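See below for the structure under consideration.
Residue numbers (the numbering used here), protein chains in the order written: chain A, 1 to 356; chain B, 1001 to 1356; chain C, 2001 to 2356; chain D, 3001 to 3356; chain E, 4001 to 4356.
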């Protein structure tokens, strides 16, 4: 089996002063790409930046400016953005450290979200985790992604085609829409889990073997990892309600409560899966031990039946000069009779004891 | 074994703007039916609507108007009702998504409940789950059900026959009556569980086998699923007390406390069942392993007894030319004596060791 | 084994309007009996009522009136009492439903307690549960019991013989005294558990068998049921402190704190018993599997010892025409030597491996 | 094994009015002894009282009066002290009931502590539990012990020799010093546990047997009992901070926080021990089952190897008249060849399967 | 196996008055060394003190004075420092008792931290724990370490080379930097754990044996110990936020929140490791028992196959005078036919039963 890394690299930063910008995570060696969407209810302007010189031009001319950044390996770009928008050093550090837990932090003039975006890899069908950081300002939203590819395509479509009310709303609604898209995609992951759980259940009652147990452990491990990504999200959204930050208008509260309900529902489901997998494991072990017991019972019955008979045959295989039975003319049939009645008696005893 | 779907479909809605009306759940392909009951202490008017054109006529002419809607697959109907009563989009979305957890939400002018209605299916004796959403306004109560058939028949009777004080009270009392009917029916489900638990206990002490273990796991799984539906209900009712919404008159509080007590009692009972089932499983496994041990002991005793004897018989079955014992005239009886005393000694040893 | 009902009947009331009086519980077919004690510091009047006509005469003439009612099957009596003292319908409903969890509720002018009274049945030595409801008014205390026989006899004696200060105090003190008597009797139950636990421990280390395990599970089940009755009591008493109802004078607070301490102590002890029983189970299973291992080891040693020897004997039992060893004059003793040294070698190996 | 009582007697008091003074606990039949220490910064007067007549003379002439009482079987003495210092009946009742959980209660003019004093018995090395009650007044401290012998000797020395600042401080400091001495001694108990745990760990990896498992359970049980005594202590000290009673001067707070830290540390350690013991048990069981598996493997290999060979020998031991092989001149060597190559093949198979 | 001490010595101090200075911990017999760093934004003065006479000279001449002290065995030095800076006795006592849990305490003019510094020992690769106490005053920071060697070298470099803003900030920032360095090093420890976990996982699926199980337990034990050191840290930092002490400027709050996030992340990871190790254990045990089952199955098949055949051979090895089969000319081939068809039938049965 090829060894797959279980963990991402943690903390290679030990010893540097706080606020030092170092990219911690898997290195995708990918050029940083920046997409801009600047829109209000009437107009929409889309741009993509690839050279650093273009930075000064970034400016929210319309109602909302969405700066989407993919690829974190070029720390210079991150630093420039930080300077352009006066973002604190600790915030940028957190953007680059892709081992953060989901969290929300209020900075002066900014609200900072760290989230985990899950996506099903198309070939393997396994979930991959990517950190998405959102920096919400008054009229701007900056989103940082680890690599290209995301779950936001439908939001871009809604902006372009004026679907829903996204074009009438501010940057806070855009932030909500991104969070909502991430959380909605969790349900796709959950569905893939449910499919695997259903397949497992079928196997368990029909034909369980050692590999079934390994599949259960494998799935359990994935759920443990997933839960680690999702668990703090609920808390995050709950804190958002309590702190009621200025940057988020009250009109958004019902929407956020809706996201919170979804996060709660996901956590509930993960708990349910865990309980079911534990139950599967127990069932599976019970099935396997039941099978072994069946095998052992057959051994016991066969051995217990034939060992005494073999002993009797052994007796009359002895070469003593004086063994009267050997010369009886009915000796041989009588021994058969003895052996058959002994075997019959034992079978009757086993039957009575309910052994088969 | 035929494969039964373990889970309902989750979130096929990914990518749509919030507030889009999509029916998520099992598709019953059932025409939406609407029943109206409009009553005050003196009068009662019952109607059923089947065409959409009749919608404009809906209006609370008397004290309380109960609009009961069965079947959610026709989203146009839901949308029309939403427009007629000015219900928010997120609320309607939750009505259609039948994977909600039980919850309560306050909207302007409305109180919104999501509940799970359980019913015993008559043929199979298994519990089926259906989502019921209640929208409580000043003088109206709208109830949305997934399919026809419910536990509210007794309430309709009480309205028709003026039993109890339901005709004197407002829409909030009607909402309470519906919640109470749903919760009361949970006890019927609990009773069916209790019957099965009692049967299981009898089996465990009399004649447990592998299928008993499977029954226990089956029941445990049902309890896990049921608890998922009921657990948030307690919290829901507790929140209701804390928020003290305007739409519910203070006179109703003792009644709601009563429902809360019932929900608490149900959760207590489910915990108790879980503990008992765990205990059953342990007992059952202990019984089964005890049986296997009995079988193994018999094997051990028989094998340990006869193996040495067979060896002795084997010795005197050898064909050596010079084996003095073979020619002794008492050789054969002496060997029997040796074997019997050996067997006796071993039996005495086993007895002393308390093996049988 | 005769099947004993594990559970009482739940909720046969589904479908009735709230406040309908139906007796839920085991039907004792017992006439309702009412005892009155009306007393102040100087005087005491005792009466017993058996006909319903006497009801109007009930009136607190002295300081405290204690109405003790045994037997709940006659709902008409309960209803009459309810009317006489203007008790709310929901309260009476709870009195009749004997599956309530222990709780406390404040109604206008009344404080309502539901408690579980445990008593050791004299023949079987098992604990039986009975629901006791107390309705505390300004000068009256009404106690409802399921059947005759209670743990209050000592309180009646104290009232009759003016022991302690019960005759100087009000109805709230009487209520406290009843609760205290119920809680004190729990300790008697605990003692019977402790005795059984001590006996079990002795058995486990001396002579455990399958029935020991069943006894442990049996005791564990009883503790689970008992805990369900007692657990909410602590919470109940704690709520009493927080709400500080008018009907209970401040002088009683130290006494109530005392009862609370006792309830806490009982819950602590039940937890301790549970932990010990779990530990017993593990020990017992470990002992039993240790025994099986001993048995298996003997089998292994005997079989491993004799199987090779029997093979050797089998070799020289073959009837080949040309087997040189058979004609050696020392053949037979040499085979014995071979077998004995083989056996000796194996025994030495087993000894070295610490197998016996 | 001699049966040791697991539990102390609970509640033999059922049926008496509250405030009745009955000694509940093991009866030491020991005369009550009273020691007095009356001191201020300059002077110290020590006395011991043995007759009841001396009671009236007790009076705090100097700054602090410490009345230490050993032996609770003589309830008359307790009652007299109660009268002399106007202590409430419920307090005295708690002093005499030695099954209390550690707690703190504020009475008018008094602060009442119940603590558990642990001491290592010198011969057996086992921990014995004794209840110590402290009644802290303005200038007096009364301490009640179950039997003679305590952990306070060093405090008496500090008072006599003016070590530390105990002579400059009030009765509250003395109370703190006593609590501190009791808690400090817990660490001695913990050390004895740690020694036993270390010995157990050594045994587990070297030579575990059934008795090792029993020792682990034994230690686990002692830790469960100990935790029951210590757990409420932390809560007690925490409550002391919250209530900030008048009788304790603010200067003492850092000291009390220190004791609280110790209690927390003890609870942490007990949890750690429990986790380690659970881990030991698992390791031990795994070791034992590993051993059994080794034994079973040897059996399997020997049996699987020789059973087919014995069968072959059996074949050529048959007495058929016409068995061509028997007359071949190379029959015997060929059979040996067959058997050896069969055995070799099986050994090679076992080796490949990694069975030995 | 050499016995390694599991626990440090606890509480050898029993019986001394509070505030007595005794060094509790492993005695390193190491001279106490004191390093001074006195700096402001422009200047830096470094000194090391080795004789006690130099003490009076200690004085913060510049903005921040960092006194770093290594080695606690010389209590006289500690006492002198205590006098020089007027530190309370209880604080010094805690500095010397190296079994403290991590905590924070506010004294007049001082904030006192106790932390656990972990370091990987270079040879063994195992984590060693050392207690670090920090006393934060207005312009001074005193750090106490148990032995020489620490994780602060990078901070000293930052001070010397003016890296980051440490030279512009006060003593509170220095304290933060030390705590941050300690917490950052925890990630190095976590990485070493992760490496071991990954190796274990590989082993489990490829070639598990008894020593794998022991490695898992070993790692689990280390994680339990580590968690005990780290767990209270989170609480500590949380308390810091709540109490908002004067000595820490508001500018530091984002930094402290950052450290808190890290501590949370570490605790999350430790929990994850624990869950994974439990899962590994189960997998490993399941693998090992699967192997044993495979072995047992082979035994069963071989034994069940040959025992009846051997019996048949035994039959025709009997020496009865009158056994007709023996004289049949086709007797021998017929017996072979019988045995082969019996063996074939059993193999077919085993195959059908899916035994191999």
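Every residue gets a Cβ at the ideal spot worked out from N, C-alpha and C, and that includes glycine. Computed from a predicted structure; not experimentally measured.
- Return the bridge partner residues of residue 2035 of chain C from the DSSP annotation. Here residue 2035 of chain C refers to the residue found at position 35 when the third chain is read from its first residue. According to DSSP, residue 2035 of chain C bridges with C/2048, C/2068.
- Which partner residues does residue 4116 of chain E have in the DSSP bridge list? Locating residue 4116 of chain E in the fifth chain gives position 116, where the first residue counts as 1. Note: residue 4116 of chain E sits in a beta bridge opposite E/4131.
- Determine which residues of the segment 4280-4312 of chain E have a Cβ less than 8 Å from any Cβ of chain A, and write them out in chain order. If the cut-off is 8 Å between Cβ atoms, the segment 4280-4312 of chain E has 4282, 4283, 4286, 4287, 4290, 4293, 4296, 4297, 4299, 4300, 4303, 4304, 4307, 4308, 4310, 4311 near chain A.
- Message: Check whether chain A comes within 8 Å of residue 4208 of chain E, counting only Cβ atoms and requiring the distance to be less than that.
- Response: In the fifth chain, residue 4208 of chain E corresponds to position 208, counting from 1. Judged by the 8 Å Cβ criterion, residue 4208 of chain E is not in contact with chain A.
- Query: In chain E, which residues lie less than 9 Å from residue 224 of chain A when you measure between Cβ atoms?
  - Reply: Here residue 224 of chain A refers to the residue found at position 224 when the first chain is read from its first residue. Here the neighbours are 4272, 4275, 4276, 4279.
- Query: Among residues of its own chain, excluding the 5 on either side of residue 1119 of chain B, which ones have a beta-carbon nearer than 6 Å to its beta-carbon?
  - Reply: The count along the second chain starts at 1 and reaches residue 1119 of chain B at position 119. Here the set comprises 1128.
- Query: Whose C-beta lies closer than 7 Å to the C-beta of residue 4318 of chain E among residues of the same chain, with five residues either side of it excluded?
  - Reply: On the fifth chain, residue 4318 of chain E is found 318 positions in, with the first residue counted as 1. Excluding positions up to five away in sequence, the list is empty.
- Query: When burial is assigned at 16 or more other CB atoms within 10 Å of the CB, is residue 341 of chain A buried or exposed?
  - Reply: The residue given as residue 341 of chain A occupies position 341 in the first chain. Exposed.
- Query: Near residue 2030 of chain C, what residues of its chain come up, given a Cβ to Cβ distance below 8 Å and the 5 sequence neighbours on each side ignored?
  - Reply: As a working mapping, residue 2030 of chain C is identified with position 30 in the third chain. Hits under 8 Å: 2070, 2071, 2073, 2147, 2148.
- Message: With a threshold of 8 Å between beta carbons, is residue 1215 of chain B in contact with chain A?
- Response: Translated into the one-based positions of the second chain, residue 1215 of chain B becomes position 215. So, not an interface residue.
- Message: Would you say residue 4322 of chain E lies against chain A (beta-carbon separation less than 8 Å)?
- Response: Counted from its first residue, the fifth chain places residue 4322 of chain E at position 322. True, the Cβ-Cβ gap to chain A drops below 8 Å.
- Does any CB atom of chain B fall closer than 8 Å to the CB of residue 2341 of chain C? Here residue 2341 of chain C refers to the residue found at position 341 when the third chain is read from its first residue. Cβ-Cβ to chain B under 8 Å: no for residue 2341 of chain C.
- Message: Excluding the 5 residues flanking residue 4357 of chain E on each side, which residues of the same chain have their C-beta closer than 6 Å to its C-beta?
- Response: Shown here, chain E extends from 4001 to 4356; a query on residue 4357 of chain E therefore has no answer.
- Message: Given a cut-off of 8 Å on the beta-carbon distance, is the pair residue 1137 of chain B and residue 1171 of chain B in contact?
- Response: Reading the second chain from its first residue, position 137 is the one you call residue 1137 of chain B. Reading the second chain from its first residue, position 171 is the one you call residue 1171 of chain B. For residue 1137 of chain B and residue 1171 of chain B, yes; Cβs fall inside 8 Å.
- Nearest neighbour of residue 4235 of chain E, chosen from E/4221, E/4216, E/4188, E/4256 [CA to CA]: On the fifth chain, residue 4235 of chain E is found 235 positions in, with the first residue counted as 1. The shortest CA-to-CA distance from residue 4235 of chain E to any of E/4221, E/4216, E/4188, E/4256 is the one to E/4256.
- Item | Top-ranked residue by Cα proximity to residue 4191 of chain E, from E/4240, E/4045, E/4266, E/4209 | Position 191 of the fifth chain, counted from the first residue, corresponds to residue 4191 of chain E. When each option's Cα is compared against that of residue 4191 of chain E, the closest is E/4266.
- Message: For the pair the segment 4319-4338 of chain E and the segment 321-333 of chain A, tell me if three or more CB-CB distances fall below 8 Å.
- Response: Taking 8 Å as the limit for Cβ pairs, the verdict is that the segment 321-333 of chain A does touch the segment 4319-4338 of chain E.
- Query: Can you list, in chain order, the residues of its chain whose CB lies under 6 Å from that of residue 3281 of chain D, leaving out five sequence neighbours each side?
  - Reply: As a first step, residue 3281 of chain D is located in the fourth chain; it is residue number 281 there, counting from the start. Closer than 6 Å at the Cβ level, and outside the excluded window around residue 3281 of chain D, lie 3216.
- Hey, how far is the Cα of residue 1019 of chain B from the Cα of residue 4242 of chain E? For the purposes of this step, residue 1019 of chain B is taken as residue 19 along the second chain, with counting starting at 1. For the purposes of this step, residue 4242 of chain E is taken as residue 242 along the fifth chain, with counting starting at 1. In a straight line, the C-alpha of residue 1019 of chain B is about 40 Å away from that of residue 4242 of chain E.
- Query: residue 3 of chain A CB to nearest chain E CB: under 8 Å?
  - Reply: Residue 3 of chain A sits at position 3 when you count from the first residue of the first chain. Unreliable placement is indicated for residue 3 of chain A, whose pLDDT of 42 sits below 50; the coordinate value is still reported in the next sentence. For residue 3 of chain A, the answer is yes, since a Cβ of chain E falls inside 8 Å of its Cβ.
- Task: Tell me whether the beta-carbon of residue 3293 of chain D lies closer than 8 Å to the beta-carbon of residue 4292 of chain E.
- Result: In the fourth chain, counting from the first residue as 1, residue 3293 of chain D sits at position 293. In the fifth chain, counting from the first residue as 1, residue 4292 of chain E sits at position 292. Result yes, Cβ atoms of residue 3293 of chain D and residue 4292 of chain E sit closer than 8 Å.
- Message: Does the contact criterion of 3 or more C-beta pairs under 8 Å hold for the segment 4276-4290 of chain E versus the segment 4199-4211 of chain E?
- Response: Three or more pairs of CB atoms, one per stretch, sit closer than 8 Å, so the segment 4276-4290 of chain E contacts the segment 4199-4211 of chain E.
- Whole alpha helix (DSSP H) runs in the segment 3265-3346 of chain D with 4 or more residues, listed along the chain? Taking only runs of at least 4 residues, the alpha helix (DSSP H) segments lying wholly in the segment 3265-3346 of chain D are 3324-3327.
- Task: Name, please, each residue of chain A whose Cβ falls closer than 7 Å to the Cβ of residue 4231 of chain E.
- Result: Looking up residue 4231 of chain E in the fifth chain gives position 231. Within chain A, no C-beta atom comes less than 7 Å from the C-beta of residue 4231 of chain E; the nearest is roughly 17 Å away.
- Query: Are any of the Cβ atoms in chain A nearer than 8 Å to that of residue 1128 of chain B?
  - Reply: Indexing the second chain from 1 puts residue 1128 of chain B at position 128. Among the residues facing chain A, residue 1128 of chain B is not included, as its CB has no counterpart in that chain under 8 Å away.
- Task: Have a look at D/3355, D/3310, D/3354 and flag the residue whose alpha-carbon is nearest the alpha-carbon of residue 3335 of chain D.
- Result: Position 335 of the fourth chain holds residue 3335 of chain D. Closest option to residue 3335 of chain D, Cα to Cα, is D/3310.
- Task: Pull up the distance between the alpha-carbon of residue 315 of chain A and that of residue 3306 of chain D, whole angstroms please.
- Result: The count along the first chain starts at 1 and reaches residue 315 of chain A at position 315. The count along the fourth chain starts at 1 and reaches residue 3306 of chain D at position 306. Roughly 20 Å between the two C-alpha positions.
- Message: Just to confirm, is the Cβ distance from residue 3078 of chain D to residue 3065 of chain D under 8 Å?
- Response: The sequence position of residue 3078 of chain D within the fourth chain is 78, counting from 1. The sequence position of residue 3065 of chain D within the fourth chain is 65, counting from 1. The criterion of a C-beta distance shorter than 8 Å is not satisfied by residue 3078 of chain D and residue 3065 of chain D.
- Should residue 141 of chain A go down as buried or exposed, given a rule of 16 or more other Cβ atoms within 10 Å for buried? Here the question's residue 141 of chain A lines up with position 141 in the first chain. With at least 16 other beta carbons inside 10 angstroms of its own, residue 141 of chain A counts as buried.
- Query: Thinking C-alpha only, which one of B/1033, B/1040, B/1263 is nearest residue 1048 of chain B?
  - Reply: Here residue 1048 of chain B refers to the residue found at position 48 when the second chain is read from its first residue. Check the Cα spacing between residue 1048 of chain B and each of B/1033, B/1040, B/1263: the tightest is with B/1033.
- Give the C-beta separation of residue 2135 of chain C and residue 2087 of chain C to the nearest angstrom, bearing in mind that I take them to be a contact with Cβ-Cβ under 8 Å. For the purposes of this step, residue 2135 of chain C is identified with residue 135 of the third chain, where counting begins at 1. For the purposes of this step, residue 2087 of chain C is identified with residue 87 of the third chain, where counting begins at 1. Contact flag correct, Cβ pair sits at about 6 Å.
- Query: Going along chain E in order, which residues have a C-beta closer than 8 Å to the C-beta of residue 3163 of chain D?
  - Reply: To locate residue 3163 of chain D, count along the fourth chain from 1; it is residue 163. Taking a Cβ-Cβ cut-off of 8 Å, the neighbours of residue 3163 of chain D in chain E comprise 4017, given in sequence order.
- Item | Segment limits, alpha helix (DSSP H) that includes residue 1020 of chain B | Taking the first residue of the second chain as position 1, residue 1020 of chain B is located at position 20. First-last for residue 1020 of chain B: undefined, no H or E at that position.
- Using the rule of at least 16 other Cβ atoms within 10 Å of the residue's Cβ for burial, across every protein chain shown, is residue 4039 of chain E buried or exposed? Taking the fifth chain and counting its residues from 1, the one referred to as residue 4039 of chain E is at position 39. Buried, because 16 or more other Cβ atoms sit within 10 Å of the Cβ of residue 4039 of chain E.
- Message: Does residue 3313 of chain D pass the burial test, meaning 16 or more other C-beta atoms within 10 Å, or should it be called exposed?
- Response: Here residue 3313 of chain D refers to the residue found at position 313 of the fourth chain. It counts as buried.
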